[in-house]
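J.: In my numbering, the protein residues as written are -5 to 1161. For each residue, glycine too, the CB sits at the ideal point set by N, CA and C.
(1) Please state whether DSSP places residue 324 in a helix, a strand or coil.
(2) Run through DSSP, which three-state label would residue 957 get?
(3) With DSSP as the reference, label residue 278 as helix, strand or coil.
(4) So the alpha helix (DSSP H) residue 934 belongs to, where does it begin and stop?
(5) Going by DSSP, which residues form a beta bridge with residue 514?
(6) Exposed or buried, residue 258, counting other C-beta atoms within 10 Å across all chains shown (16 or more means buried)?
(7) Enumerate in chain order the residues of its own chain whose CB-to-CB distance from residue 530 is below 7 Å, with the five nearest sequence positions on each side excluded.
(8) Does the count of Cβ pairs from the stretch 699 to 709 and the stretch 767 to 780 closer than 8 Å reach three?
(9) Can you tell me the Cα-Cα spacing of residue 1073 and residue 1043, whole angstroms?
(10) Exposed or buried, which one is residue 122 when buried takes at least 16 other CB atoms within 10 Å?
(11) Is the beta carbon of residue 191 less than 7 Å from the beta carbon of residue 284?
(12) Just curious, the alpha helix (DSSP H) that residue 632 is in, first and last residue?
(13) Kindly give me the distance between the Cβ atoms of residue 181 and residue 199, rounded to whole angstroms, as I take these residues to be in contact under 8 Å.
(14) Taking the alpha-carbon positions, what's the residue 296 to residue 385 distance?
(15) Residue range of the alpha helix (DSSP H) that residue 774 falls in?
(16) What distance in whole Å lies between the Cβ atoms of residue 251 and residue 380, which are believed to be in contact at a cut-off of 8 Å?
(17) What whole-angstrom Cβ distance do residue 861 and residue 805 have, given they're in contact under 8 Å?
(18) According to the neighbour-count rule (16 or more other Cβ atoms, all chains shown, within 10 Å of its Cβ), is residue 635 buried or exposed?
(19) Since residue 411 contacts residue 452 with CB under 8 Å, what's their CB separation in whole angstroms?
(20) CA-CA distance, residue 361 and residue 184?
(21) Suppose only complete runs of 4+ residues qualify. What are the alpha helix (DSSP H) ranges in the stretch 378 to 422, listed by chain order?
(22) For chain D, check one thing: does any of its Cβ atoms lie closer than 7 Å to the Cβ of residue 466?
(23) Identify whether residue 1080 lies in helix, strand or coil by the three-state DSSP scheme.
(24) Going along the chain, which unbroken runs of the alpha helix (DSSP H) with 4 or more residues stay wholly within the stretch 977 to 1035?
(25) Straight-line CA distance for residue 522 to residue 685?
(26) For the alpha helix (DSSP H) containing residue 231, list its first residue and its last residue.
(27) Is residue 94 helix, strand or coil by DSSP?
(28) Please state whether DSSP places residue 649 in a helix, a strand or coil.
(29) Should residue 1075 be labelled buried (16 or more other beta-carbon atoms within 10 Å of its own) or exposed?
(30) Applying the criterion that 16 or more other CB atoms from any shown protein chain within 10 Å of the CB defines a buried residue, is residue 1027 buried or exposed?
(31) So what's residue 505 in DSSP terms, helix, strand or just coil?
(32) Distance, Cα to Cα, residue 694 vs residue 642?
(33) Where does residue 711 fall in DSSP's three states?
(34) Does the distance from the CB of residue 445 to the CB of residue 470 come in under 7 Å?
(35) Can you give the Cα-Cα distance for residue 266 and residue 388, rounded to whole angstroms?
(36) Counting only the same chain and skipping the five closest in sequence on each side, list residues whose C-beta sits under 7 Å from that of residue 617.
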C-alpha cells in the first residue's frame, strides 16, 4: 500500500545517503558491510593487523546527550548542504519520511532518505543540550513516574509497566484497536517506544499526520527532563527490571500475533522500523538505547516468523511436487493452482521479511554495534548470536560473523562476554561447524588470548568456547593453544580454573575407543578403568613443574572428573606390583600421586577449596554438606584398611610419609568402632610411633603431632586407646631428651666438644619435644626449668648448645606458657589449686618475656632474635586486656611498656623494611625471605589491630606504605582499615605523624630548604594521596577525623614559627602544608572555614607580602580551603609573618605539643 504523498523504497538496502551515526565509534573505517566482496578476506580487510578493532571512546563518553556528536553532525551537514541539494532533491518524496515498500511483483525504487537532507543552515539540527550530571543527596522524582497520571493509565507504557495484565491480552486488545483504526494503533505503538525511553512527550494525531519522524523525534527530545540522566532501561529496582523483561516480550509477542497479516500491510512495520531507525540514530542516549533494544528484539521476532514461513514453504513445496508427480488422470489442477499460489505468496512473504531484516540490520545494527554506550553494543552482540543460531541459512555467514569477531576486542568486558556467549551455541552444534571454519581460522588466536582476560567471567566463557572448538574443530587448535589453557588449572580464580579443568578432561582425561583394554596386576587383579587417566594426571602434574600447587590442580578437576575420588584405583597403583605389559611408577610419580591423593581426600572430606581459591566467606549448602559427609565415610572405610599398608611400604621416605600422615585427619573416627577396626587403629598408632623415632624432618613431625592430636580428641570412642599410645610416645621423647641433655652437660663440664652425632641427637630431641609440645600438653613432664635455663645461659654468652637447639628451647617454653593458660582457663590442672597455677604462670611469663626482649635487642644470632620476636608478639596477644573479663585470669594481663613497644618497632624497621641487596640469591630463597619478613610485619600489625599497642605506634609502619607497596601493601592497608575502625581520630592523627616523620627525614637530608619538585617530596605527597583515598566518600562520617588531621598538620607546619636561618622567612616546616592540602577535599564546606580560621589564628600576619617560592605551600593550602567560596582579599602585613605573644590570652596553638591535645582542641569549636 502507498502512503499519501510518499514514494516506495525498498527495505533490503539503506537509503543512498544514509550516513553512519556521528557517535565516536563511527570514527572506525567504513564498515565492510557496504563492500560486496565475495571473499572472506575482503570482508575482514578492515580489521587491523594486530587483530584489534579501532574505535575511540570520545571525550564526553559519560554524557547522556552526546554533544560532541551533534556538533560534528551539524558541521558536516552544513558543509555538504549545497551538494546534497543538487544530488538528492529530485528524488525526495513529497510526503512524510516514512519507509514504504512496493507492492509485490512491482519493481523497487531506491530513493534517498529525506531526514538526512539539510538545505539551509536554518534546517540544521541543533544538538540538544546535555542534562546536568546526577547530583548526590535526595533523589529527584523519576521523570517517568512523575509523568504518570490518571489519563496515562490507559497507555501501552503504563499498562505494561504495571504488569497487571498478560502481554497476550495486551497485544490482542491492541490488534483490535489497530484493525478499527490503524493510525490510532500505530500512534499507540510509537508513543510506547517514546515513553519507554523516559520521555514525557506526547505524540498527537496532528503530529502523526503532519510531521516527519525526524521532526517528531526532535520534538520529543525537547520533552526530556534535563535534570535526570535516568530512563527505564537503566533504572534500578524490581519494577523496572520487570518492565525491561516485559518490554522485550511485548515486542516479540506483537510480531508473533501479527505474523499472518498485519506485518505485511506495508504500514505498521514500515513506520515502526522507520521510527526505531530514527530513534537509534539520535544523540539522546535514552532514545538510542531503547530503540536499539526494540529494533534488535523486533529482528529476533522476525527471525522466528521467517522460520515459520520457511517451514510452511517447505511443506507447500513438497505437497506441490507430490501433486505434480501424480498421473494426469489423478492430478487435481485446482489443487495445483492453489498450492502454486500459496507457494508464491509464501515466497513473497519470505522476501518481505528478509527485506525487513536486511534493512533493519543495515540501518540499526551496523551502526549501533559500535555505539559509545557499552550496553547498546552488548544488546547487538547478544541478539546477533540468537539470529545465527535460529536462522543460520540467512545469518550464519562470514559477512555477519565478522561483527562478532571485531567486537571480541571491545574495551568493556560485558560486551566481550556477550560475543563469546553468542558464539558458544554455534560451536556446540556439529551441523553448523562447516560455516565456521573461516571465522575460526581468523579469530581463533583472539579467543585463545581471551582465556587470560582480566574479566574473569570473560575468561571462563573463552575457555568454554575453546572446549567447543576442540570438540568439532580439533585440528585447528595447536599444542601451544592447548598449553595456554592447561596452565589455567593453577589460576587463583576458581571458576577459570574449573573451566580449564573441563578442557583438560575433554582433551586428556577421557576414556575413548583408543584406550587400551584393562590390564592386570602382578597377582592377577584387574586394573580399574581410571588407571590410565590417573597415570596421565600424575604425568601432567610432574610436567607442569608447579609441585607446590597440587591442591589447585585437584580443585580444578574434582567436581568434573570422577577419577579424583577413585580411592581404590589410586591405592592399587601404589600398592599392587605391575603386571605384564605395565610400567611401574617411578619414585617421583609415586610421590606426586600420594600428594594428589592427599589433596583429593582433604577436599572431598571438607568440601572446601584450597586457600586462595573461592570466596572468603562461603556459605555451604545442605547438599554440599551431605556430599562431604558421604565422601568422608567412603574414604574412611577405604583408608582405614589401606593406610597402614601404605605407611608400612613408604615409612622410610619422609616426603611420602608426610602426606600420608595427613589422611587420618579427615577420617570419620566413629567408623573405627562401628566397623570394628580397632586392630587397624593400633597398627596405625604403632607406625606413627615408628615414624617419630625414625624421622627428624619438620613437616613429618608436625603432621604426625597434629594427626595424633585429632585422634586423641576426648569426644571420640577411641580416645583411651590413643591417649595410652600418646603417653608412651611422649615418655620416650622426654626420656631421650633428658638422656642427651645429661650427656651434653657431662661433655661440657669435662671441657670436651660434642661431636656431630651428639649435637644432632640433642637438636633432634629438642625439635621433637618442641613440635609435640605445640600440639600436646607436656607440662606434667616438668621440662620448663632445664629448657628455660638453657635459653638464659645462651643469652649470657654461655653458648653451650648450638643455636638451633636454643631456638627449639624458646619455642618449647612458649608452648608451655600457652598450655598453662589453657589449663587454668579450663580448670584442668591436676593436683594443684588455681591460685598455684596462676602464680606459676605469672612467674613464667614475667621471666620469659623480659628474657625474649633482651634477646631481640642484644643477640647477634638471627635464629634467637626471630624466634624471640615472634614469641613475644604472640604472647602479648594471648595475654592482652581481653583476659580481664575472667576474674581468675585478670592478674595475668601483660601490657607492654614503652621500652618493649620501641624494641618491637626497632625490630621491624631493621629487619623488615630493608632493601634487597643480595642479587646472587635464587628466586626461591628471595620468596622465602620475603615470606618471613611479611610474617614479622603481620605479627607487629596484629598488636595494633587487637589494640595491644596504641595506634600511633603504627606511624612507623604507615610511612612505608608507598615505598614498600608491592611487598607489604596489603598488610599495611588492612592495618590502616582496622585502625580506623578502632578510632577514626587516632588513625587520622597517626597518618599526620607518619607524614611528618618522612618530612623531617627530608628536612634533615635537604638542609634548610626542601625542593618541592624532588622525587622524595613527591613520594610523601603520593603517600598523603593514598591516605586521603582511604577515607572513602562519606565526608560526614569522617568529619571529626579529618578536622583533627588538618589541625595536627597545621600545628606541625607552623612549629616553630620563627625561622632560625631567616627571621623574615617562612616557618621551616611550612612546606608540609602542601602535603596537608591533599586532604582538603575530604573536608565539609563549613569545616573548611573552621580550618581556615584556625590557620589564620596561628599565622596572625595574614597573607605574606612576599609571594616568593617559599610561601607557595601556604598559598596553595589556603586556596584549597577557600575553593568555591568568596575569598577575602589577602591582607599584607609589614612583616612577612607575625607571631603571637605567649602571654596573650591562653593557648591558641602557638605552643605545639603533640601530647597536649586538650588545649589545642579548643581551637575547633565542637570538636
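T.: In this structure, then:
(1) Reading the chain shown from its first residue, position 330 is the one you call residue 324. Note: residue 324 maps to coil in three-state DSSP.
(2) Counting from one through the chain shown, the residue named residue 957 turns up at place 963. The answer is coil: DSSP assigns residue 957 none of H, G, I, E or B.
(3) In the chain shown, residue 278 corresponds to position 284, counting from 1. If DSSP states are grouped into helix, strand and coil, residue 278 belongs with the strands.
(4) Translated into the one-based positions of the chain shown, residue 934 becomes position 940. Element bounds for residue 934: 917 to 939.
(5) Here residue 514 refers to the residue found at position 520 when the chain shown is read from its first residue. Bridge partners of residue 514: 520.
(6) Here residue 258 refers to the residue found at position 264 of the chain shown. Burial call: buried.
(7) Residue 530 sits at position 536 when you count from the first residue of the chain shown. These residues qualify, in order along the chain: 502 and 503.
(8) yes
(9) Against the chain shown, residue 1073 aligns to sequence position 1079. Against the chain shown, residue 1043 aligns to sequence position 1049. Residue 1073 and residue 1043: Cα-Cα distance of roughly 10 Å.
(10) Counting from one through the chain shown, the residue named residue 122 turns up at place 128. Because the pLDDT of residue 122 is 34, which lies under 50, any placement of that residue in the model is unreliable, and the number read from its coordinates should be weighed accordingly. So residue 122 ends up on the buried side.
(11) Within the chain shown, numbered from 1, the residue matching residue 191 stands at position 197. Within the chain shown, numbered from 1, the residue matching residue 284 stands at position 290. Yes; because the gap between Cβ atoms is below 7 Å, this pair is in contact.
(12) Numbered from 1 along the chain shown, position 638 holds the residue referred to as residue 632. That run of the alpha helix (DSSP H) goes 616 to 644.
(13) In the chain shown, residue 181 corresponds to position 187, counting from 1. In the chain shown, residue 199 corresponds to position 205, counting from 1. Right, the Cβ-Cβ distance comes to about 7 Å (below 8 Å), so this counts as a contact.
(14) In the chain shown, residue 296 corresponds to position 302, counting from 1. In the chain shown, residue 385 corresponds to position 391, counting from 1. Computed Cα separation, rounded: 10 Å.
(15) In the chain shown, the residue the question calls residue 774 occupies position 780. No alpha helix (DSSP H) contains residue 774, which DSSP labels as neither H nor E.
(16) Locating residue 380 in the chain shown gives position 386, where the first residue counts as 1. Locating residue 251 in the chain shown gives position 257, where the first residue counts as 1. Going by Cβ atoms, the distance from residue 380 to residue 251 rounds to 20 Å, so no, they are not a contact pair.
(17) In the chain shown, counting from the first residue as 1, residue 861 sits at position 867. In the chain shown, counting from the first residue as 1, residue 805 sits at position 811. Correct: roughly 6 Å between the Cβ atoms.
(18) Mapped onto the chain shown, residue 635 falls at position 641. With fewer than 16 Cβ atoms within 10 Å of its Cβ, residue 635 is classed as exposed.
(19) Residue 411 sits at position 417 when you count from the first residue of the chain shown. Residue 452 sits at position 458 when you count from the first residue of the chain shown. Confirmed, Cβ separation roughly 5 Å.
(20) In the chain shown, counting from the first residue as 1, residue 361 sits at position 367. In the chain shown, counting from the first residue as 1, residue 184 sits at position 190. Each residue's alpha carbon lies about 22 Å from the other.
(21) 386 to 389, 392 to 401 and 407 to 421
(22) Here there is only one protein chain, and chain D is not present.
(23) Here the question's residue 1080 lines up with position 1086 in the chain shown. Reduced to three states, the DSSP call for residue 1080 is helix.
(24) 978 to 1000 and 1009 to 1023
(25) In the chain shown, counting from the first residue as 1, residue 522 sits at position 528. In the chain shown, counting from the first residue as 1, residue 685 sits at position 691. So the alpha carbons of these two residues sit roughly 32 Å apart.
(26) For the purposes of this step, residue 231 is taken as the residue at position 237 of the chain shown. Counting along the chain, residue 231 falls outside any alpha helix (DSSP H), and DSSP gives it neither H nor E.
(27) On the chain shown, residue 94 is found 100 positions in, with the first residue counted as 1. Legend: pLDDT at residue 94 = 40, less than 50; position of this residue unreliable, no value from coordinates given.
(28) To locate residue 649, count along the chain shown from 1; it is residue 655. It is helical.
(29) Along the chain shown, read from residue 1 onward, the residue named residue 1075 stands at position 1081. That one is exposed.
(30) In the chain shown, the residue the question calls residue 1027 occupies position 1033. Residue 1027 is exposed by the Cβ-count criterion.
(31) Taking the chain shown and counting its residues from 1, one reaches residue 505 at position 511. Looking at residue 505 - three-state DSSP - the assignment turns out to be coil, as it is neither helix nor strand.
(32) As a first step, residue 694 is located in the chain shown; it is residue number 700 there, counting from the start. As a first step, residue 642 is located in the chain shown; it is residue number 648 there, counting from the start. When rounded, the distance between both Cα atoms is 15 Å.
(33) The sequence position of residue 711 within the chain shown is 717, counting from 1. Note: residue 711 maps to coil in three-state DSSP.
(34) On the chain shown, position 451 is the one that residue 445 refers to. On the chain shown, position 476 is the one that residue 470 refers to. No, they are not a contact pair.
(35) Here residue 266 is taken as the residue at index 272 of the chain shown, counted from 1. Here residue 388 is taken as the residue at index 394 of the chain shown, counted from 1. For residue 266 and residue 388, the distance between alpha carbons rounds to 23 Å.
(36) As a working mapping, residue 617 is identified with position 623 in the chain shown. Hits under 7 Å: none found.
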